[in-house]
Amino acid sequence: MTTSHYIAGRWVEGQGTDCISVNDPALGLPFAELMAASVAQVDQAVAAARDALPTWKALTASTRAAFLRGFAEQLGQRREALIALQMRNNGKPRHEAEIDLDDAIATFAYYAELAEQLPEKNREVPLAAPGFTARTRLEPVGVVGLIVPWNFPLVTSAWKLAPALAAGCTVVLKPSEVTPLIEQAYGQIADTLGLPAGVLNIVNGKAETGAALSSHNGLDKLSFTGSNNVGSQVMRSASAQCRPVTLELGGKSAIVVFDDCDVDQAVEWIVAGITWNAGQMCSATSRLLVQDGIADALLPRLQQALEKLRVGNPLSEDVDMGPLTSQAQWLKVAGYFATAREEGLQCLAGGKALDREGWFVSPTLYVDVPVDSRLWSEEIFGPVLCARRFSTEAQAIAEANDSRFGLVATVCSADLERAERVADALEVGHVWINSVQAVFVETSWGGTKGSGIGRELGPWGLSGYLSVKHVTRCLG
Ligand code: NAD
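Each residue of the sequence shown is one higher than the last, beginning at 3 in the numbering used here.
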């Protein structure tokens, strides 16, 4: 049992009723357990954040920036332990766990810089009308609830925590019950840095704990990353209190490959876009649209590349892809394999769970998938790629946009003018041209349509935790 909740600057044991098992997905076995926080403990965490708000928001932005730099530095000092834990609990290959850690570090460093650029003084607003002055104040939104999923826990939490703290908000973070240990590092770092008690609180738990936080009337805002189903519930709670939400939800993103591409390069991008993190990415490019002129050359090469991937336990083998992170996810993906068989889809690679201990599936490719297939339209969240052919640019754009989601897309073409034109026409929040899953802290993250509301990262990430106030004075 682990003491796993950080409330008002103290580590406390969970008083809830749910026992959370922390698993090693490569073995399919638990290696730790913890008790969830009770609803009363969620209340305590929100109250602690409320108490801490006046002092935290009154600090200069450069003082807050110094704390954020401390988070970046301390994450670096815990490097090996955090990489090992992500490999063990998420099933991430080492190079992926390293990238996650570097991303979290870069996020804290970036928002330290942005905090320092926040105007210390109010900005005068030039007015056309005579007789008045006006000034702009940027104020923290207040006490913010942060709820995150399990696929990139260290990163997703950093994308919320760093801008929220930079803005002067105080927070209650609820990690996923699938990966509840990794974010404890943020509480330990807060202790080490002497972050004022209550500025950062962490409560662990399952749906009940998440619901207690998202419906709490002591919050000023909720930022949620997770599934559309839970996102709707979170939005309903927010609407009951007319309170702002940021939602980062699911995706079913397209990768569009034109026939002027180098085949091997295109295969590399396609494989990375569907097998990174075993395909458990909101931004997985899981719908391949390949132009007629290259399809016959590309699809067999893609099949070979997927079949060649080394799938195994990242802790004991040199692997390209690890297991799925949870048994629930494994069962869900296996369910889609069964649906594909029922639908009669043509499977070129994989299509099955691996016959070994742990929650492994093989990288999978279905081709000529009809648009009314469930596998073409639903988010699977595993290494399952569906492919269709297209002939014209207009057809590719129409098919890519024919989705209830709108998170990301990748466009692969040697004709850069065309690639830029297609990027402009795609109804998504982020497009990669001739690259894949390249996320930089300076650019935005978030989707259109069913993929969410609001943007994280970049200056937009900070704006999400700031409220604009104007003070207008009559001179007469
Ligand atoms: P999930 O929605 O099941 O859980 C997300 C979080 O919500 C967890 O902490 C969970 O405990 C909590 N939760 C569960 N029920 C709740 C409730 N009723 N009220 C409040 N909180 C509740 O999602 P998941 O399975 O952890 O993650 C996978 C999903 O996340 C996928 O759909 C994926 O696309 C999405 N995701 C999106 C992004 C993005 O940036 N758009 C990033 C990562 C993951």
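Using N, Cα and C, we set each Cβ at its ideal position, and we do this for glycine too. Bear in mind that the values here come from a model prediction, so they are computed numbers and not experimental data.
DSSP state of residue i, grouped into three classes?
i    : result
D53  : helix
T277 : helix
D26  : strand
L31  : strand
T5   : coil
G11  : coil
R475 : strand
S225 : strand
L36  : strand
L317 : coil
L326 : coil
N203 : strand
Can you find a heavy atom of the ligand NAD that lies under 7 Å from the Cβ of residue i?
i    : result
P32  : no
Q186 : no
L326 : no
P385 : no
W152 : yes
K208 : yes
I191 : no
A38  : no
I149 : yes
Q235 : yes
E98  : no
G314 : no
T62  : no
G353 : no
L409 : yes
W447 : yes
C284 : yes
P2   : Residue numbering for the chain in the displayed model covers 3 to 478; residue 2 lies beyond these limits and cannot be assessed.
S216 : yes
L377 : no
T480 : The chain is shown only over 3 to 478; residue 480 falls outside these bounds and no answer can be derived.
A213 : yes
G93  : no
E1   : Outside the shown range of the chain (3 to 478) lies residue 1, about which nothing can therefore be said.
G281 : no
T394 : no
G196 : no
T248 : no
V443 : no
E126 : no
L356 : no
Hey, would you say residue i sits closer than 8 Å to residue j, going by beta carbons?
i    : j    : result
V157 : D222 : no
G275 : Q331 : no
L347 : V386 : no
L367 : G352 : yes
R289 : W378 : yes
A166 : V146 : yes
R457 : S469 : no
A38  : K208 : yes
A402 : A256 : yes
F33  : L70  : no
P151 : S178 : yes
V48  : G220 : yes
K254 : S375 : no
G408 : V430 : yes
Y8   : I204 : yes
I149 : G72  : no
W58  : G170 : yes
A160 : A106 : yes
Practice item. For the segment 239-313, list the beta strand (DSSP E) runs that are entirely contained and at least 3 residues long, ordered along the chain. Key: Within the segment 239-313, the complete beta strand (DSSP E) segments at least 3 residues long are 247-250, 256-259 and 289-293, listed from N- to C-terminus.
Practice item. Any chance you could list the beta strand (DSSP E) runs of at least 3 consecutive residues sitting entirely within the segment 125-184, in chain order? Key: Secondary structure in the segment 125-184: the beta strand (DSSP E) runs of 3 residues or longer, each lying completely within the stretch, are 134-142, 145-149 and 172-176 in chain order.
**Study point:** In chain order, each beta strand (DSSP E) run of at least 3 residues that lies wholly inside the segment 339-415
**Key:** 348-351, 366-369, 386-392 and 410-414
Check your understanding: With a cut-off of 8 Å, do at least 3 Cβ pairs link the segment 289-307 to the segment 267-274?
Key -> yes
Practice item. Would you mind listing the alpha helix (DSSP H) stretches within the segment 65-135 that are 4+ residues and don't spill past its ends, in chain order? Key: 81-92 and 96-119
Practice item. May I have a chain-ordered list of the beta strand (DSSP E) segments no shorter than 3 residues that lie completely inside the segment 414-471? Key: 432-435
Check your understanding: Three or more beta-carbon pairs under 8 Å between the segment 87-101 and the segment 179-199, yes or no?
Key -> Touching, yes.
Check your understanding: Three or more C-beta pairs closer than 8 Å, one from the segment 387-398 and one from the segment 233-241: is that the case here?
Key -> no
Exercise for review: Assess, as a yes-or-no matter, whether the segment 132-144 is touched by the segment 201-215 under the definition of 3 or more beta carbon pairs within less than 8 Å.
Suggested key: no
Exercise for review: Count the C-beta pairs between the segment 111-124 and the segment 189-209 that are closer than 8 Å, then say yes if the count reaches three, no if not.
Suggested key: no
Check your understanding: Are at least three pairs of beta-carbons, each pair with one atom in the segment 286-301 and one in the segment 309-327, less than 8 Å apart?
Key -> no
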